[in-house]
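4 protein chains.
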Amino acid sequence: MIKDFREVVDQYDVVFFDAFGVLKNSSGLIPDIEKTFDYLVANDIEFYILTNDASKGPAKLAESYLVKGLPLVTEDKIISSGMMARDYLKTKVKGGKVAYLGTKESAHYLEETGLHAVSIADVDINHIDDINALVFLDDEGFDWFKDINKLLNLVRLRNIPVIIANTDRSYPVNAKEVSIAIGSIAEMIEKITGKKFIKFGKPDTNMFIFAYQHTAKAQELGKQRILMVGDTLNTDILGGNKFGIDTALVLTGNTLMENYQMRIATTGIIPDHVCESAVISGYSKIL
Amino acid sequence: MIKDFREVVDQYDVVFFDAFGVLKNSSGLIPDIEKTFDYLVANDIEFYILTNDASKGPAKLAESYLVKGLPLVTEDKIISSGMMARDYLKTKVKGGKVAYLGTKESAHYLEETGLHAVSIADVDINHIDDINALVFLDDEGFDWFKDINKLLNLVRLRNIPVIIANTDRSYPVNAKEVSIAIGSIAEMIEKITGKKFIKFGKPDTNMFIFAYQHTAKAQELGKQRILMVGDTLNTDILGGNKFGIDTALVLTGNTLMENYQMRIATTGIIPDHVCESAVISGYSKIL
Amino acid sequence: MIKDFREVVDQYDVVFFDAFGVLKNSSGLIPDIEKTFDYLVANDIEFYILTNDASKGPAKLAESYLVKGLPLVTEDKIISSGMMARDYLKTKVKGGKVAYLGTKESAHYLEETGLHAVSIADVDINHIDDINALVFLDDEGFDWFKDINKLLNLVRLRNIPVIIANTDRSYPVNAKEVSIAIGSIAEMIEKITGKKFIKFGKPDTNMFIFAYQHTAKAQELGKQRILMVGDTLNTDILGGNKFGIDTALVLTGNTLMENYQMRIATTGIIPDHVCESAVISGYSKIL
Amino acid sequence: MIKDFREVVDQYDVVFFDAFGVLKNSSGLIPDIEKTFDYLVANDIEFYILTNDASKGPAKLAESYLVKGLPLVTEDKIISSGMMARDYLKTKVKGGKVAYLGTKESAHYLEETGLHAVSIADVDINHIDDINALVFLDDEGFDWFKDINKLLNLVRLRNIPVIIANTDRSYPVNAKEVSIAIGSIAEMIEKITGKKFIKFGKPDTNMFIFAYQHTAKAQELGKQRILMVGDTLNTDILGGNKFGIDTALVLTGNTLMENYQMRIATTGIIPDHVCESAVISGYSKIL
């Protein structure tokens with residue numbers, strides 16, 4: 322039941338792509354993926370990248386695609402869960418400081434809110450009265466032992482909104498090893514404190530709505546003309562299905578050729594299409 | 322920190338109300354709640370009812386408000402999780418039969434999809450090849466022992482989308498007793514089969530987006546001008562907060578005066594306002 | 322790495338068997354399983370049946386083995402999770418009534434406690450002050466809709482110990498279909514009420530300890546001389562491992578030849594031995 | 322319904338005590354608790370300490386009681402979840418290395434097993450073929466970022482038994498702050514990998530059985546003559562109840578005078594007695 326990606330994509334006017342496992346992996350870009358974007362542009366198919374990566378802003382993310390050889394993935398094409406967190410803070414947190422777990426680079430999202438962003442590493446647990454929100458952004462940029470324990474006490478001692486900008490549990494660092502993602506740390510703190518955090522990122526439909534609302538074409542033509550392409554059943558495919566658009570599973574990341582059928586059967590998460598990859602390999606830009 | 326509902330509501334242009342525990346309870350309408358709607362109309366504040374009730378269609382729900390003495394809650398003001406399920410089926414299920422758990426009345430949502438709706442009670446487990454989706458609508462209208470077991474086997478034997486139109490776990494039947502809601506039955510089947518179902522209803526933000534997209538005023542003025550009013554922290558308030566609108570907790574349903582502070586502190590779900598009820602008692606319509 | 326069951330069993334002095342999926346399935350006895358018991362007796366290897374079945378007492382269970390052609394599995398060889406529940410009630414509930422969910426036959430366990438057993442079907446929810454415990458025994462013998470809802474309210478209105486005599490989530494009724502087991506119903510009520518129930522049955526080690534304490538030989542020779550044989554990784558094998566005895570997985574029930582290696586790898590539950598079945602087929606009793 | 326501890330204790334022949342929150346807290350010993358032990362000795366009531374603390378061996382734990390002024394709590398009176406883990410490794414792991422998360426001091430338990438213990442900090446993830454088990458012992462003694470990520474990959478890459486010697490989620494470090502306990506770290510890794518770990522410590526009944534089997538008096542007189550004293554409903558009281566002995570909740574730790582009734586009602590975990598503390602304050606040793 323494996324289909325050719327070109328034939329699939331020809332049925333739609335707008336395509337949403339997941340990033341990791343679809344466009345790139347821990348070694349760099351998926352070979353020839355740039356041909357897919359040449360094809361989309363040539364055929365007037367609009368595209369967006371929907372990523373659970375809140376470790377950098379869209380400008381930095383776009384820069385990394387440019388460097389790797391994918392100049393068509395520009396800043397305005399990238400929608401990240403960090404942007405959802407930013408919008409939440411803008412509308413719901415009226416002032417004061419927002420503490421964050423992550424690198425200075427990830428705090429980029431917070432600066433745009435007008436709130437004073439402070440790294441958890443710089444928080445003094447005895448002076449927390451002006452901290453009005455806490456955001457999980459990235460798994461680096463702090464001392465795990467000291468700062469995760471400090472964060473736990475901040476959540477216990479102050480009743481403020483806590484936002485998880487990325488609910489992924491782990492991510493690959495190379496062909497063999499994975500790393501714990503911020504979503505797992507947040508889930509652990511939620512369990513210990515019994516509090517409910519506010520979660521952004523696929524499979525939650527927020528990011529799909531955000532993308533939809535920024536695509537005049539999609540709104541005009543309707544959801545039937547949009548395709549979500551992803552490598553992960555319980556984020557990309559589940560979220561796309563729930564939002565009511567068609568979904569295509571590709572086998573270049575979390576889900577493998579050898580077990581995709583079993584995975585679909587055991588999870589009950591059913592993509593509309595399955596393709597080996599998102600590469601349109603035969604295509605060459607006409608110069 | 323208890324505020325007067327009138328003073329709260331005056332700060333907004335659009336108000337979303339939960340139904341059960343806010344407008345009505347197991348005894349009928351909350352006394353004087355009709356005055357609130359007179360006030361909203363007189364002051365040009367738009368309103369919608371956002372309910373996790375998928376047991377009847379909006380027309381039937383509106384009829385029940387009319388009978389009880391609340392004629393201003395008309396069909397077009399009601400947004401239910403059943404409507405989310407209906408839209409999903411319309412866009413994602415291409416043909417065939419859709420099986421449902423619920424009364425014939427709840428199946429109203431399915432008829433509008435053009436799919437052939439069949440009650441789980443009428444399904445023959447040996448002939449299920451043409452069933453392309455399953456929907457949990459209501460806890461009545463079938464034999465629990467026979468039909469919940471049949472449904473379990475349908476989910477095991479056929480890999481189709483399964484939709485939960487109401488994720489509530491229980492609902493009150495009188496001042497003392499509660500009943501198991503369809504959300505609990507669905508969760509049990511999910512656990513047994515290990516499959517992921519598609520869930521609609523608060524705290525999921527789908528219903529908020531649906532309401533938002535149907536309110537020209539809200540879209541023009543922005544989310545800052547909308548208030549969500551509910552009695553339940555982990556559905557109404559969590560969902561409203563996540564959608565990025567202000568929230569008001571009322572103490573006429575699931576959350577009580579004697580423990581609302583403790584509940585807010587232990588769950589970390591923080592409403593922007595707390596009011597005794599949604600009643601604007603001092604108000605009288607000028608004739 | 323599949324081993325011959327005879328060679329495995331020769332290394333031990335005492336063997337604990339799971340029942341369903343090891344000795345019998347929905348069609349009856351596993352063919353030739355009686356030869357295994359002839360072999361054990363001839364070789365002076367002691368055996369016990371450890372079953373999560375609380376639907377009947379040991380006498381009735383033994384009778385069913387006799388009828389099927391396995392006379393060596395006598396009443397004194399059977400240890401069931403119902404016996405754990407019985408012992409709990411004997412020591413912890415001082416008097417009054419104990420309500421139960423199940424058939425009159427399953428209530429056998431309760432009669433031995435000296436408490437007055439009353440079926441949930443016969444409970445009047447307005448007169449529950451003398452009910453001092455509640456036990457989940459079997460999924461039949463009551464009206465699911467009426468009585469499970471009544472039970473929910475009993476748990477909410479009276480703070481009494483609630484005992485689950487069987488934590489299995491489902492059981493096979495024929496080659497194609499399964500039925501919801503009492504463990505799933507209990508788990509649903511636990512979720513709705515937020516209360517903690519007391520659970521007996523594998524993988525909990527209680528039943529292993531009970532068996533161990535009734536086996537003079539095991540106590541004398543030590544745990545190293547005991548083998549647990551089961552078809553289910555997360556009950557039989559997990560429980561046996563945790564109790565500190567060797568474990569053998571057989572492939573005649575829940576775990577199949579085609580996926581046992583994948584199941585062991587994904588769950589991390591590792592049996593010491595894997596055998597096609599518990600049958601010692603080559604063996605004939607010397608007359 | 323608060324009872325005097327002396328009157329409660331007089332009804333039993335053997336008493337099991339939890340340590341933290343009952344005998345001591347983050348400031349040191351509970352004032353006058355030594356009088357309780359004088360009383361027990363004078364009245365020939367046997368006692369044991371049942372602790373989920375696997376960070377040190379019984380000798381070190383006893384030493385700390387001696388230093389604090391409680392010389393009657395000697396090494397032979399202490400039963401810890403680390404001892405359960407040690408026994409598991411002794412019977413179930415046949416050779417090779419056992420990796421551990423914790424301090425060198427916590428590894429004391431592993432040395433007694435004859436296995437070669439290696440700190441996760443010293444594991445080379447490219448040479449793990451001789452590691453045959455992994456044990457979570459303590460939250461200190463390693464680099465959280467580097468070593469917890471390394472441990473995650475060890476669990477993914479090698480299918481070996483993983484043992485959690487302490488399932489507590491957090492512990493108090495002073496009157497205001499808590500620290501993340503090893504049980505939370507283990508639970509996070511379990512979630513990420515989907516594997517089932519082997520858990521020791523209350524509420525699991527293993528530790529109660531171990532204590533019971535080491536008390537000739539208890540075995541002779543029966544479970545009815547044993548009392549479990551603890552400050553935590555979901556470990557001490559739940560575990561004691563399940564084991565079938567009487568339980569007493571004290572209000573000097575996790576459960577407070579102001580909310581113990583609410584906690585008992587919401588959890589459904591019901592102690593047989595509630596006492597302000599385990600102190601028998603009026604008692605003076607006769608010299």
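Chains as they are written, first to last, in my numbering: chain B, 322 to 608; chain S, 322 to 608; chain W, 322 to 608; chain P, 322 to 608.
Think of the CB as a built atom: it goes at the ideal place given N, C-alpha and C, for glycine as much as any other residue.
Quick caveat: nothing in here was measured; it's all calculated off a predicted structure.
Within chain P, the residues that Leu350 (chain B) reaches when beta carbons sit closer than 7 Å: Taking the first sequence and counting its residues from 1, one reaches residue 350 (chain B) at position 29. The contacting residues do not exist; Leu350 (chain B) stays about 25 Å from chain P at best.
Bounding residues of the alpha helix (DSSP H) (the contiguous stretch that carries Asp408 (chain B)): The residue labelled residue 408 (chain B) in the question sits at position 87 within the first sequence. Run containing Asp408 (chain B): 402 to 413, per the alpha helix (DSSP H) assignment.
Nearest neighbour of Leu458 (chain S), chosen from S:Val476, S:Thr556, S:Met405, S:Ala586 [CA to CA]: Position 137 of the second sequence, counted from the start, is the residue given in the question as residue 458 (chain S). Of the listed residues, the one whose Cα sits closest to Leu458 (chain S) is S:Met405.
Within 8 Å, strictly: CB atoms of Glu541 (chain B) and Asn474 (chain P): Counting from 1 along the first sequence, the entry for residue 541 (chain B) is found at position 220. Counting from 1 along the fourth sequence, the entry for residue 474 (chain P) is found at position 153. No. Outside cutoff.
Chain B residues whose Cβ lies nearer than 8 Å to that of Ile400 (chain S): Residue numbering aside, residue 400 (chain S) sits at position 79 when the second sequence is read from its first letter. Chain B residues near Ile400 (chain S): none, gap ~16 Å exceeds 8 Å.
Whether Asp359 (chain S) touches Tyr533 (chain S) by CB criterion (8 Å): One-based indexing of the second sequence puts residue 359 (chain S) at position 38. One-based indexing of the second sequence puts residue 533 (chain S) at position 212. Taking a C-beta distance under 8 Å as the contact criterion, Asp359 (chain S) and Tyr533 (chain S) do not qualify as a contact pair.
Counted within 10 angstroms of its Cβ, other Cβ atoms place Val388 (chain B) as buried (16 or more) or exposed: Mapped onto the first sequence, residue 388 (chain B) falls at position 67. Val388 (chain B) should be labelled exposed.
Short CB-CB distance (under 8 Å) between Thr587 (chain P) and chain W: Residue mapping note: residue 587 (chain P) aligns to position 266 of the fourth sequence, counting from 1. In terms of beta-carbon proximity, Thr587 (chain P) lines the interface with chain W, with at least one pair separated by less than 8 Å.
Cβ neighbours of Lys563 (chain B) in the same chain (closer than 6 Å, five flanking residues each side left out): Position 242 of the first sequence, counted from the first residue, corresponds to residue 563 (chain B). So the list reads Thr526, once near-sequence residues are dropped.
Within the stretch 327 to 410 of chain S, ranges of the beta strand (DSSP E) (whole runs, at least 3 residues): Whole beta strand (DSSP E) segments, 3+ residues: 335 to 338, 367 to 372, 399 to 401.
Which residues DSSP lists as bridging Thr573 (chain W), in chain order: On the third sequence, residue 573 (chain W) is found 252 positions in, with the first residue counted as 1. DSSP lists no partner for Thr573 (chain W).
Three-way DSSP call (helix, strand, coil) for Thr424 (chain B) in this model: By one-based count along the first sequence, residue 424 (chain B) stands at place 103. Note: Thr424 (chain B) maps to coil in three-state DSSP.
Coarse secondary structure for Ile601 (chain P), derived from DSSP in three states: Here residue 601 (chain P) corresponds to residue number 280 of the fourth sequence, with the count starting at 1. Ile601 (chain P): coil per DSSP, three-state reduction.
8 Å Cβ cutoff, Lys517 (chain B) in contact with chain P: Counted from its first residue, the first sequence places residue 517 (chain B) at position 196. Chain P contact via Cβ: absent.
Asp339 (chain W), buried or exposed, once every other Cβ within 10 Å from all chains shown has been counted against 16: Position 18 of the third sequence, counted from the first residue, corresponds to residue 339 (chain W). By the neighbour-count rule (16 or more Cβ atoms within 10 Å), Asp339 (chain W) is buried.
Short CB-CB distance (under 8 Å) between Phe466 (chain S) and chain W: Indexing the second sequence from 1 puts residue 466 (chain S) at position 145. Chain W contact via Cβ: present.
Cβ-Cβ distance between Lys356 (chain S) and Ile601 (chain S) below 8 Å: As a position in the second sequence, residue 356 (chain S) is number 35, starting the count at 1. As a position in the second sequence, residue 601 (chain S) is number 280, starting the count at 1. Contact flag set, yes.
Under 8 Å by beta carbon: chain B residues contacting Val476 (chain P): Counting from one through the fourth sequence, the residue named residue 476 (chain P) turns up at place 155. Using a Cβ-Cβ cut-off of 8 Å, Val476 (chain P) is close to nothing in chain B; its nearest Cβ partner there is about 11 Å away.
Three-pair Cβ contact test at 8 Å for the stretch 588 to 598 of chain P versus the stretch 553 to 562 of chain P: Taking a cut-off of 8 Å on C-beta distances, the stretch 588 to 598 of chain P touches the stretch 553 to 562 of chain P, as three or more cross pairs fall below it.
Alpha-carbon spacing of Thr434 (chain P) relative to Cys596 (chain W), whole angstroms: Along the fourth sequence, one-based indexing puts residue 434 (chain P) at 113. Along the third sequence, one-based indexing puts residue 596 (chain W) at 275. About 29 Å.
Beta-carbon proximity list for Asp468 (chain W), same chain, < 8 Å, skipping 5 on both sides: Counting from one through the third sequence, the residue named residue 468 (chain W) turns up at place 147. Excluding sequence neighbours, Asp468 (chain W) sits near Leu422, Ile441, Ala442.
For Ile449 (chain B) and Arg477 (chain B), believed in contact at Cβ under 8 Å, the rounded distance: Reading the first sequence from its first residue, position 156 is the one you call residue 477 (chain B). Reading the first sequence from its first residue, position 128 is the one you call residue 449 (chain B). Arg477 (chain B) to Ile449 (chain B), Cβ: 11 Å. No contact.
Given 8 Å, three or more beta-carbon pairs between the stretch 413 to 431 of chain P and the stretch 390 to 397 of chain P: no
Chain-ordered neighbours of Lys512 (chain W) on chain S, where CB pairs are closer than 8 Å: Taking the first residue of the third sequence as 1, we reach residue 512 (chain W) at position 191. Those within 8 Å of Lys512 (chain W) in chain S are Arg490, Ser505, Glu508.
Paired residues, beta bridge with Phe457 (chain S) - DSSP: Working through the second sequence from its first residue, we reach residue 457 (chain S) at position 136. According to DSSP, Phe457 (chain S) bridges with S:Leu422, S:Ile485.
Which of helix, strand or coil DSSP assigns to Lys517 (chain S): By 1-based counting over the second sequence, the position of residue 517 (chain S) is 196. In the structure shown, Lys517 (chain S) sits in coil (DSSP, three-state: anything other than H, G, I, E or B).
Outcome for Lys415 (chain P) when other beta-carbon atoms lying within 10 angstroms are tallied against a minimum of 16: Against the fourth sequence, residue 415 (chain P) aligns to sequence position 94. Result: exposed.
The stretch 387 to 411 of chain P: positions lying closer than 7 Å to chain W by Cβ: Residues Asp408, Tyr409.
Val550 (chain P) - partner residues in DSSP beta bridges: By 1-based counting over the fourth sequence, the position of residue 550 (chain P) is 229. Beta bridge pairing from DSSP links Val550 (chain P) with P:Phe338, P:Ala569.
Residues bridged to Ala438 (chain P) [DSSP beta-bridge criterion]: In the fourth sequence, counting from the first residue as 1, residue 438 (chain P) sits at position 117. For Ala438 (chain P), which the question treats as bridged, DSSP gives the partners P:Val419.
Contact between the stretch 329 to 338 of chain W and the stretch 483 to 498 of chain W (3+ Cβ pairs under 8 Å): Contact check between the stretch 329 to 338 of chain W and the stretch 483 to 498 of chain W: fewer than three CB pairs, one atom from each, fall below 8 Å, which does not count as touching.
Alpha-carbon to alpha-carbon, Thr576 (chain W) and Val571 (chain P): As a first step, residue 571 (chain P) is located in the fourth sequence; it is residue number 250 there, counting from the start. As a first step, residue 576 (chain W) is located in the third sequence; it is residue number 255 there, counting from the start. Distance between the alpha carbons of Val571 (chain P) and Thr576 (chain W): 46 Å.
Separation of Asn453 (chain B) from Tyr409 (chain B), as counted between CA atoms: Along the first sequence, read from residue 1 onward, the residue named residue 409 (chain B) stands at position 88. Along the first sequence, read from residue 1 onward, the residue named residue 453 (chain B) stands at position 132. If I take the Cα positions, the gap works out to 13 Å.
Near-chain P residues of the stretch 526 to 543 of chain W (beta-carbon distance less than 7 Å), N- to C-terminal order: Thr526, Asn527, Ile530
Chain S residues whose Cβ lies nearer than 8 Å to that of Ile469 (chain W): Here residue 469 (chain W) is taken as the residue at index 148 of the third sequence, counted from 1. Correct list: Trp465, Ile501.
Contact set for Asn580 (chain B): own chain, Cβ-Cβ below 8 Å, skip 5 residues either direction: To locate residue 580 (chain B), count along the first sequence from 1; it is residue 259. For Asn580 (chain B), where only same-chain residues beyond five positions count, there are no Cβ hits under 8 Å.
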